[in-house]
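Student:
Number of protein chains: 2
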Amino acid sequence: MDDRFSNPWRTLKTRVVYDNPWIRVREDDVIRPDGAPGIYGVVHYKNRAIGVLPIDDEGYIWLVGQYRYTLDSYSWEIPEGGGAEGEDPLEAAKRELREETGLEARTWRTLGQAHLSNSVGDEAGIIFLATDLVQGEAEPEGTEKLELMRVKFDEALQMVLDGEITDSISVIAILRYAIERE
Amino acid sequence: MDDRFSNPWRTLKTRVVYDNPWIRVREDDVIRPDGAPGIYGVVHYKNRAIGVLPIDDEGYIWLVGQYRYTLDSYSWEIPEGGGAEGEDPLEAAKRELREETGLEARTWRTLGQAHLSNSVGDEAGIIFLATDLVQGEAEPEGTEKLELMRVKFDEALQMVLDGEITDSISVIAILRYAIERE
């Protein structure tokens, strides 16, 4: 491989500084690309971020509202959740959609993938488009207190453009679908 | 305010478990929305993520390639960097664009904002569109070993749609500009 694209970092030592069921934080002693010594604190995510954009036959989507503890503010987002390592992301997507909205979908496809915050963490997100929807009963998890909103897709797109939806997975899902439907 | 949108979490105790120049990780003892006790590990980002989409008069943009230590893989992205708390994000954007590409821009506007990973962290990103470009000399930081690529905007958009660009800030910037130019 062309040397320009090979790893210019050298890891001298690594130690875990924090661990919980969702993340593991480590600090590495490194030699940086310019040859100087340094440290790198890396947040490893134990789950993959799963997002689902559910669109019904009338062009409506579902948004989930919840208070985000990390931001200390309320956030409207597409249905999302964590998919464990080893779990099929599509199965996780089906579960999260059902738990948060009660919806089931007959048709699924991948809408996009992203690394959410690659300067500090390794979190990977995958987004599915869910169509041919059937309504059932929602079953939120204990850590979630959710509101549901059914809105026209164009209204959700406007919420992204106006900065009213800021969650990165939701922003990517909605922008991407807006482009693909053209 | 409608009680449905108020904070359903209660913080009992908080302690810092890791701190470096870029992030501070804390673990809180909490009462969850369902009333059960739990913990929440929160990654606080000391810098805001700044992204710049530089577009020249011929419809070309600049991508920066670098090896991402967190992912152990190579990544093509728009010019990005960190803006310290208290620093004007636009000034940080001008500095990052100049350092990474040598470009200066006469016209700037905000292209979007996002919270990159709100289940675990509070990282906020802001993206600027930079136009009326003038080429100067790049000055990368010691932690960076960068490649530059000038590509047609439509080619970059295709790289996003094909999953060749996965960095969330870059994905959001490129999708959003694709919609706004319509």
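So the protein lines, in turn, are chains A and B.
For the first sequence, position 121 (counting from the first letter as 1) is numbered 121 according to the numbering used here, and the numbering increases by one without interruption.
Just add 1000 to wherever you are in the second sequence, counting from 1, and you've got the numbering used here.
The beta carbon of each residue, even a glycine, is placed where N, CA and C say it ideally should be.
Treat the numbers as computed from the prediction; the structure is a model and nothing was measured.
Out of E1091/B, G1086/B, E1100/B, L1161/B, which has the shortest C-alpha to C-alpha gap to R1109/B?
Tutor: The shortest Cα separation from R1109/B among E1091/B, G1086/B, E1100/B, L1161/B belongs to E1091/B.
Student: Suppose you measure from the CA of E1147/B to the CA of G1086/B; what does that come to, to the nearest Å?
Tutor: Going from the Cα of E1147/B to the Cα of G1086/B covers about 30 Å.
Student: Starting from P89/A, follow the alpha helix (DSSP H) in both directions and report where the run begins and ends.
Tutor: Taken as a continuous stretch (DSSP letters only), the alpha helix (DSSP H) holding P89/A covers 89-101.
Student: Going along chain A, which residues have a C-beta under 8 Å from T1143/B?
Tutor: The contacting residues are R32, P33, D34, G38.
Student: Using CA atoms only, rank isn't needed, just tell me which of P1037/B, D1034/B, S1073/B, V1016/B is closest to E1027/B.
Tutor: Of the candidates P1037/B, D1034/B, S1073/B, V1016/B, the one whose C-alpha sits nearest the C-alpha of E1027/B is V1016/B.
Student: Span of the beta strand (DSSP E) holding D19/A?
Tutor: Note, D19/A: beta strand (DSSP E), 10-19.
Student: To the nearest angstrom, how far is the alpha carbon of Y1069/B from that of S119/A?
Tutor: When rounded, the distance between both Cα atoms is 8 Å.
Student: Can a CB atom of chain B be found closer than 8 Å to the CB of T166/A?
Tutor: With 8 Å as the cut-off, T166/A counts as an interface residue toward chain B.
Student: Between the alpha carbons of Y1184/B and G51/A, how many angstroms are there, rounded?
Tutor: Outside the displayed span of chain B (1001 to 1182) sits residue 1184/B, for which this structure offers no information.
Student: Locate the beta strand (DSSP E) running through S1073/B, then write down its first and last residues.
Tutor: Taken as a continuous stretch (DSSP letters only), the beta strand (DSSP E) holding S1073/B covers 1073-1077.
Student: I believe K145/A touches P1033/B by the beta-carbon criterion, under 8 Å. Please report the beta-carbon distance rounded to the nearest angstrom.
Tutor: Their Cβ separation, rounded to whole angstroms, is 4 Å, which keeps K145/A and P1033/B in contact under 8 Å.
Student: If you reduce the DSSP assignment to three classes, tell me which class A105/A lands in.
Tutor: Residue state, collapsed to three classes: strand.
Student: So with CB distances below 7 Å, who are the chain B contacts of I179/A?
Tutor: Going along chain B in sequence order, the residues near I179/A (Cβ under 7 Å) are L1175, A1178, I1179.
Student: Below 7 Å on C-beta distance, what does A1114/B contact in chain D?
Tutor: In the displayed structure, chain D is absent; the protein chains listed are A and B.
Student: Alpha carbon to alpha carbon, what distance is there between G1065/B and W1076/B?
Tutor: Looking at the two C-alpha atoms, the distance is approximately 4 Å.
Student: Rounded to whole angstroms, what's the CA-CA distance from E96/A to P79/A? Just pull it up for me.
Tutor: The alpha-carbon atoms of E96/A and P79/A are separated by roughly 7 Å.
Student: DSSP three-state call for A173/A: helix, strand or coil?
Tutor: Reduced to three states, the DSSP call for A173/A is helix.
Student: Quick one: Cα of I179/A to Cα of I165/A, how far?
Tutor: Approximately 17 Å between the Cα atoms of the pair.
Student: So F1005/B is in the beta strand (DSSP E); what residue range does that whole segment cover?
Tutor: Careful: F1005/B lies outside any beta strand (DSSP E) and carries neither H nor E.
Student: If you measure between the beta carbons of Q183/A and G81/A, is that distance less than 8 Å?
Tutor: Since the first residue shown for chain A is 1 and the last is 182, residue 183/A is missing from the structure and cannot be characterised.
Student: Skipping 5 residues on each side, what residues in its chain have a beta carbon closer than 7 Å to that of N1047/B?
Tutor: Only W1022, G1082, G1083, A1084 meet the Cβ criterion.
Student: Taking 7 Å as the limit between beta carbons, can you name the residues of its chain near G1038/B, skipping five residues before and five after?
Tutor: V1030, R1032, listed in sequence order.
Student: Going by C-alpha distance, which of Y45/A, T107/A, A93/A, A124/A is nearest Y18/A?
Tutor: Out of Y45/A, T107/A, A93/A, A124/A, Y45/A has the C-alpha closest to the C-alpha of Y18/A.
Student: Closest Cβ-Cβ distance between G102/A and chain B: below 8 Å?
Tutor: Output row for G102/A: interface = no.
Student: Go to L1129/B, then tell me how far its beta strand (DSSP E) extends in each direction, as first and last residue.
Tutor: Residues 1124-1135.
Student: Check the C-beta distance from A1156/B over to L1063/B and give it rounded, since I have them as a contact under 8 Å.
Tutor: That belief holds up - the Cβ atoms of A1156/B and L1063/B are roughly 6 Å apart, short of 8 Å.
Student: Please identify the residue among E1139/B, E1137/B, K1094/B whose C-alpha is closest to the C-alpha of I1127/B.
Tutor: The shortest C-alpha separation from I1127/B is found at K1094/B.
Student: Tell me the DSSP bridge mates of G51/A?
Tutor: Paired residues: E80/A, I127/A.
Student: So with Cβ pairs under 8 Å, would you call G51/A a contact of chain B?
Tutor: No, its Cβ sits nowhere closer than 8 Å to a Cβ of chain B.
Student: Span of the beta strand (DSSP E) holding E1027/B?
Tutor: E1027/B -> beta strand (DSSP E) spans 1023-1031.
Student: Can you list, in chain order, the residues of the segment 1124-1135 of chain B whose Cβ is nearer than 7 Å to any Cβ on chain A?
Tutor: Within the segment 1124-1135 of chain B, no residue qualifies.
Student: Opposite L1063/B in the DSSP bridges: which residues?
Tutor: For L1063/B, which the question treats as bridged, DSSP gives the partners M1149/B.
Student: What residue range is occupied by the uninterrupted beta strand (DSSP E) comprising Y69/A?
Tutor: Looking at the DSSP string, Y69/A is not in any beta strand (DSSP E), and its letter there is neither H nor E.
Student: Compare the beta carbon distance of I1174/B and G1125/B with 8 Å and say whether it is the shorter of the two.
Tutor: Contact: no.
Student: Which residues does DSSP pair with Q1113/B in a beta bridge?
Tutor: Per DSSP, I1126/B.
Student: Would you mind sorting E1100/B into buried or exposed? The rule is 16 or more other CB atoms within 10 Å of its CB.
Tutor: Buried, because 16 or more other Cβ atoms sit within 10 Å of the Cβ of E1100/B.
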